[in-house]
Each structure stands twice: as C-alpha cells, then as structure tokens.
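Notes follow the structure.
Residue numbers (my numbering): 474 to 792.
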C-alpha cells in the first residue's frame, strides 16, 4: 500500500524524469477551433509623461519608449489573440488609474492586474477604490510581499480581502520561492495565486532542477496555485531577439510544468513587450501552440483561453 510520502516521491521522480526528455519532431500546428487566445500578460507605459516611468529604465533601449495598445493590437490580432490582461509593473499607485483609463478606451484590454502593496496603511482604501472598476482583476506581488505574508497576519488579511472582491494574485518570483507560494496560498485559500513566467526558471541549461521541481510539486498540492505559461523565451537569456524558435530547448521545462499542473491550471501569457528583447510575439505564440497542439484541441483552448477566462473573469471582448 502506498503511503503519502511514497506517492510524493513517485510524483517527484516522474516530474524530474521529464527534464531529461527531448522533444519529438514538431507536427504542423493546427489553429485552435475555439475563441482564440486570451493573453494574460502585457505591459503598457509611456516615458514621455511629465513624471516619466519607474520602469523600464532609460538604459533598456529596446523597452524605453512609448508602448501603447495600438502597437500590440497590430501584432496580436493576426496571431489569433482576441484580448489581453494588462499587468502593472509600476509601484506608483496612480499608475493603476493610468492603465484603467487606457482600458476604458480599448475593449481589447479586457482586464488589469494592478500594483498595490498589501500590509500598508493605504492598501485597503486603494483596493476599494480600484476594485469598483470591473476591469480591475487583482494585484501582482513580489518576493518581499511573499516573505511578509509568511509571518504577518495583516498582509495575509489584505490578501484575503482580494477574494471578497473575486480578485486574484499574480506572483513574480524566482524558482527558490515556489515553496513559499505554496505556503502562503495554503493560508489564503479564497484567492487564486498565479505564478508568473514559470517562476523565471532558466531554459536550455541546468536550472537546479531538483529544487525547481520540488517547488513546483509543492505548488501542485495546493489547488489554488496556478502557473502562467510565459517567460520561456526570456528564460534563455538570449537577448537581441535571438531566442531559439524551435521547441527542443524549451521542451524539458515545459513538459515538466505540464506534468505537474496539467491542462486545467495553466494560463498563457506573452509578457509583451519584455519578450521582444528575446523573440517576436509571433515566435512566443507559435512555441506555445507547437507544445500544446499534440495534447489536443481541448487542452490547447484551455491554456490559451478558457482557464484565463475562469481565473481572471475579464470583461470579455469580441474584438
């Protein structure tokens, strides 16, 4: 009779074995037959504003320029992307309003993940203010807030308030912090936690796989943790738009992620325009489709659209 420990060891062994797998030849990718793609991760900003922007810095020459919806839409629509959820990178509270104002004029922007700081005195009032807008769908936190949430009841209480509004938490961390995501999410069960960019695991080189796999497994056992199928071209470190366009270098990490989270707990995100440092939007979408297509159209549509619709509950666009 298997014990829980035996089951866990078997699970980790199976997941770890996937890291050694190599990709089979890529078949011609079929277009999804469903409603297209809901991209859950884009950024917009404008350094020309009087106050400028806190991110990106002027030294990031490819990114430090006006990045506005019209540019993205021109690239996204031909690829089957039908809508997007914007993620705010700026910590300035009023920049949340700046993005919400953008969404008011562009139905393609169906949702917004804001940048607010749980545990601060200002958080409750800011949350109440922005949550009144139906396109405000949650917040993104980083490792510092995650650390605070491990021991600070006020931070966890603020996170729980998101659940009362039907909102989510995106989490931007590295591979070592995955167990902490599992711990915090297990304490705040009313809120979905979506880990951005596969926890920023390196691609095509040893990513300390045992630690990453065990952290992913810890999250697997907490069913309100989800994984964002994003950040893979960035994980190569191949700046200058030189990330591989073939699936093979990405396959071990993507396949392990699939084995751990499955078709119901993954959501696609392009991370545009950050991903353009490494690959075109077309390449980002094509790699996702090539990985998902052998797993069937139902699974493909879940990851590219349906799961995001259930998690984020955006204002659906027919654009």
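All residues carry an ideal CB built from backbone N, CA and C; glycine is no exception.
Thinking just about the alpha-carbon of each residue, which of the options is nearest to the one in residue i?
{"i": "residue 753", "options": "610, 688, 712 and 517", "result": "712"}
{"i": "residue 688", "options": "699, 655, 697 and 720", "result": "655"}
{"i": "residue 577", "options": "762, 598, 520 and 609", "result": "609"}
{"i": "residue 549", "options": "773, 732 and 756", "result": "756"}
{"i": "residue 541", "options": "565, 516 and 523", "result": "516"}
{"i": "residue 701", "options": "672, 601 and 710", "result": "672"}
{"i": "residue 704", "options": "526, 760 and 735", "result": "760"}
{"i": "residue 565", "options": "617, 622 and 595", "result": "595"}
{"i": "residue 666", "options": "765, 600, 738 and 772", "result": "738"}
Kindly indicate which three-state DSSP category residue i falls into: helix, strand or coil?
{"i": "residue 701", "result": "strand"}
{"i": "residue 516", "result": "coil"}
{"i": "residue 557", "result": "strand"}
{"i": "residue 696", "result": "coil"}
{"i": "residue 745", "result": "strand"}
{"i": "residue 728", "result": "helix"}
{"i": "residue 610", "result": "strand"}
{"i": "residue 791", "result": "Here residue 791 scores only 45 on pLDDT, less than 50, and its place in the model should not be relied on; the value that follows carries that caveat. Coil, per DSSP."}
{"i": "residue 710", "result": "coil"}
{"i": "residue 574", "result": "helix"}
{"i": "residue 733", "result": "helix"}
{"i": "residue 583", "result": "strand"}
{"i": "residue 751", "result": "coil"}
{"i": "residue 645", "result": "coil"}
{"i": "residue 635", "result": "helix"}
{"i": "residue 776", "result": "helix"}
Tell me which residues share the same chain as residue i and place their Cβ nearer than 7 Å to its Cβ, disregarding the 5 neighbours each side in the sequence.
{"i": "residue 695", "result": "655, 658 and 659"}
{"i": "residue 674", "result": "648, 680, 685, 708 and 726"}
Leaving out the 5 sequence neighbours to the left and right, which residues in its chain are closer than 8 Å to residue i when beta-carbon positions are compared?
{"i": "residue 528", "result": "518, 562 and 563"}
{"i": "residue 637", "result": "663"}
{"i": "residue 597", "result": "631 and 634"}
{"i": "residue 787", "result": "511, 556, 558, 583, 584, 608, 610 and 781"}
{"i": "residue 619", "result": "644, 646, 650, 653, 654 and 657"}
Do residue i and residue j have their C-beta atoms within less than 8 Å of each other?
{"i": "residue 535", "j": "residue 749", "result": "yes"}
{"i": "residue 644", "j": "residue 669", "result": "yes"}
{"i": "residue 592", "j": "residue 631", "result": "yes"}
{"i": "residue 520", "j": "residue 537", "result": "yes"}
{"i": "residue 573", "j": "residue 778", "result": "no"}
{"i": "residue 664", "j": "residue 641", "result": "yes"}
{"i": "residue 558", "j": "residue 785", "result": "yes"}
{"i": "residue 781", "j": "residue 740", "result": "yes"}
{"i": "residue 582", "j": "residue 589", "result": "no"}
{"i": "residue 707", "j": "residue 744", "result": "yes"}
State the Cα-Cα distance for the pair residue i and residue j, rounded to the nearest angstrom.
{"i": "residue 555", "j": "residue 513", "result": "11 Å"}
{"i": "residue 570", "j": "residue 604", "result": "11 Å"}
{"i": "residue 615", "j": "residue 646", "result": "6 Å"}
{"i": "residue 729", "j": "residue 776", "result": "15 Å"}
{"i": "residue 626", "j": "residue 719", "result": "46 Å"}
{"i": "residue 768", "j": "residue 639", "result": "31 Å"}
{"i": "residue 522", "j": "residue 746", "result": "19 Å"}
{"i": "residue 723", "j": "residue 560", "result": "24 Å"}
{"i": "residue 524", "j": "residue 587", "result": "19 Å"}
{"i": "residue 599", "j": "residue 735", "result": "35 Å"}
{"i": "residue 801", "j": "residue 526", "result": "Nothing about residue 801 can be read from this structure; the chain reaches only from 474 to 792."}
Quick one: residues in its chain with C-beta nearer than 6 Å to the C-beta of residue i, no 5 flanking neighbours on either side, listed in chain order?
{"i": "residue 758", "result": "552"}
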